[in-house]
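Trainee: Using our numbering, you'd call the opening residue of the sequence shown number 1 and step up by one each time. Quick one: this structure, given as structure tokens, is what I'll be asking you about.
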Amino acid sequence: MNVFGVDIGGSGIKGAPVDLERGDLAEERFKVLTPHPATPDAVADGVKQVVDHFGWSGPIGATFPGVVTGGTTRTAANVDKAWIGLDAAALLSERTGAKVTLLNDADAAGIAEMAFGAGRGRGGTVITLTLGTGIGSALFVDGRLVPNTELGHLEMNGHEAEKRASTHVKDTEQLSWEHWAHRIQKYLAHLEMLFSPELFLIGGGVSRKADRFLPLIKGVRAEILPAALQNNAGIVGAAMAATKV
Numbered sequence: 001m002n003v004f005g006v007d008i009g010g011s012g013i014k015g016a017p018v019d020l021e022r023g024d025l026a027e028e029r030f031k032v033l034t035p036h037p038a039t040p041d042a043v044a045d046g047v048k049q050v051v052d053h054f055g056w057s058g059p060i061g062a063t064f065p066g067v068v069t070g071g072t073t074r075t076a077a078n079v080d081k082a083w084i085g086l087d088a089a090a091l092l093s094e095r096t097g098a099k100v101t102l103l104n105d106a107d108a109a110g111i112a113e114m115a116f117g118a119g120r121g122r123g124g125t126v127i128t129l130t131l132g133t134g135i136g137s138a139l140f141v142d143g144r145l146v147p148n149t150e151l152g153h154l155e156m157n158g159h160e161a162e163k164r165a166s167t168h169v170k171d172t173e174q175l176s177w178e179h180w181a182h183r184i185q186k187y188l189a190h191l192e193m194l195f196s197p198e199l200f201l202i203g204g205g206v207s208r209k210a211d212r213f214l215p216l217i218k219g220v221r222a223e224i225l226p227a228a229l230q231n232n233a234g235i236v237g238a239a240m241a242a243t244k245v
């Protein structure tokens, strides 16, 4: 069974039909750049462009980089503030001409990773982190999602965690892998103190280079694994969510 998934991020909007039996993309994904400013209308046009590329008709699952409750976007850390309080699911449904199910981007990635990736079959407390423009989080307890945790906004030493340890920060500050890994280590230690997880799953595009930084992280008791679905996890999780409604 194929369902369409769209992942709206701070830098790109990407999507593809997803084979939900395999938990993988059914076709090569298509991506457009996230417009700046990332207003609702401009982003909705980008989503339509991605969907139209495949000539898709049928239900769509979509992610959003912020808190989503009942299809309404409640926060907008890395997109235009006009998203706050917007019935974004209705906007995207109107623009694409299809029923759109909307959820937090990191929650979507975590759902996919727990079903088909490195978290499959894992119980206890698991935290999935997506490192990119910001830091997204998904918290699972015995396989059940605690939605909209947004742990990238936790304060550490007077700074938001994602302002210190995201991939975007690594690139803009030109941090070495060692320096960046040290920042991630401090962040994971903070999360471990708060939640005592058995497992951290590290996702986002940079997970393709996990061997460059994960071995440098020391002193964290929880197991740390790279996300198996890497940067496709959000698309897969979005498609999965579209079948739950």
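Where a beta carbon is used, it is the ideal one built from N, C-alpha and C, also for glycine.
Report the residue ranges of all beta strand (DSSP E) runs contained in full by the region 77-121; include only those spanning at least 3 residues, in chain order.
Mentor: Counting whole runs of 3 or more residues, the region 77-121 contains the beta strand (DSSP E) stretches 100-104.
Trainee: Just how far apart, CA to CA, sit Arg95 and Leu225?
Mentor: As a first step, residue 95 is located in the sequence shown; it is residue number 95 there, counting from the start. As a first step, residue 225 is located in the sequence shown; it is residue number 225 there, counting from the start. Distance between the alpha carbons of Arg95 and Leu225: 38 Å.
Trainee: To which residues of the same chain is Glu28 closer than 8 Å at the C-beta, ignoring the five residues directly before and after it?
Mentor: Within the sequence shown, numbered from 1, the residue matching residue 28 stands at position 28. Excluding sequence neighbours, Glu28 sits near Ala16.
Trainee: Looking only at its own chain, which residues have a Cβ that is under 7 Å from the Cβ of Ala44, when we skip the five neighbours before and after it?
Mentor: Here residue 44 refers to the residue found at position 44 of the sequence shown. Excluding residues within five positions, the ones whose Cβ falls inside 7 Å are Leu91, Leu92, Arg95.
Trainee: Grouping DSSP H, G and I as helix and E and B as strand, with all else coil, what is Ser11?
Mentor: In the sequence shown, counting from the first residue as 1, residue 11 sits at position 11. Here Ser11 sits in coil by DSSP.
Trainee: Scan the region 208-236 and note each continuous alpha helix (DSSP H) run of 4 residues or more that stays entirely inside, going in chain order.
Mentor: Runs of the alpha helix (DSSP H) inside the region 208-236: 210-213.
Trainee: Leaving out five residues before and five after Gly274 in sequence, what residues of the same chain have Cβ atoms less than 7 Å from its Cβ?
Mentor: Given that the chain is displayed from residue 1 to residue 245, the structure contains no residue 274 and the question cannot be resolved.
Trainee: Please classify Glu260: is it buried, with 16 or more other beta-carbons within 10 angstroms of its beta-carbon, or exposed?
Mentor: What is shown of the chain runs 1 to 245, which leaves residue 260 out entirely.
Trainee: With burial defined as no fewer than 16 other Cβ atoms inside 10 Å of the residue's Cβ, what is the status of Leu188: buried or exposed?
Mentor: Sequence index remark: in the sequence shown, residue 188 carries index 188 (1-based). By the 10 Å Cβ count, Leu188 comes out buried.
Trainee: Can you tell me whether Leu20 is helix, strand or coil according to DSSP?
Mentor: Here residue 20 refers to the residue found at position 20 of the sequence shown. In this structure, Leu20 counts as coil in the three-state DSSP scheme.
Trainee: Leaving out the 5 sequence neighbours to the left and right, which residues in its chain are closer than 7 Å to Arg208 when beta-carbon positions are compared?
Mentor: By 1-based counting over the sequence shown, the position of residue 208 is 208. Gln230, listed in sequence order.
Trainee: Ends of the beta strand (DSSP E) at Ala138?
Mentor: Indexing the sequence shown from 1 puts residue 138 at position 138. First-last of the beta strand (DSSP E) with Ala138: 135-141.
Trainee: Threshold first: 3 residues or longer. Then list the beta strand (DSSP E) segments lying entirely within the region 49-74, N to C.
Mentor: Those beta strand (DSSP E) runs which fall completely within the region 49-74 and span 3+ residues are 60-64.
Trainee: Here's the rule I'm using: 16 or more other beta-carbon atoms within 10 Å means buried, otherwise exposed. How should Thr149 be labelled?
Mentor: On the sequence shown, residue 149 is found 149 positions in, with the first residue counted as 1. It counts as buried.
Trainee: Contact between the region 101-110 and the region 236-243 is defined here as three or more beta-carbon pairs at a separation below 8 Å; is this criterion met?
Mentor: Verdict: yes, contact present.
Trainee: By the three-class DSSP mapping on this structure, what secondary structure does Thr39 have?
Mentor: As a first step, residue 39 must be located in the sequence shown, where it is residue number 39. Reduced to three states, the DSSP call for Thr39 is coil.
Trainee: Could you tell me the distance, in whole angstroms, from the CA atom of Leu139 to the CA atom of Lys48?
Mentor: As a position in the sequence shown, residue 139 is number 139, starting the count at 1. As a position in the sequence shown, residue 48 is number 48, starting the count at 1. The straight-line gap from Cα to Cα measures roughly 30 Å.
Trainee: Hey, could you find the ends of the beta strand (DSSP E) Lys244 is sitting in?
Mentor: Here the question's residue 244 lines up with position 244 in the sequence shown. Here Lys244 belongs to no beta strand (DSSP E), and DSSP marks it neither H nor E.
Trainee: Leaving out five residues before and five after Ala42 in sequence, what residues of the same chain have Cβ atoms less than 6 Å from its Cβ?
Mentor: The residue given as residue 42 occupies position 42 in the sequence shown. Answer for Ala42: Pro35, listed in chain order.
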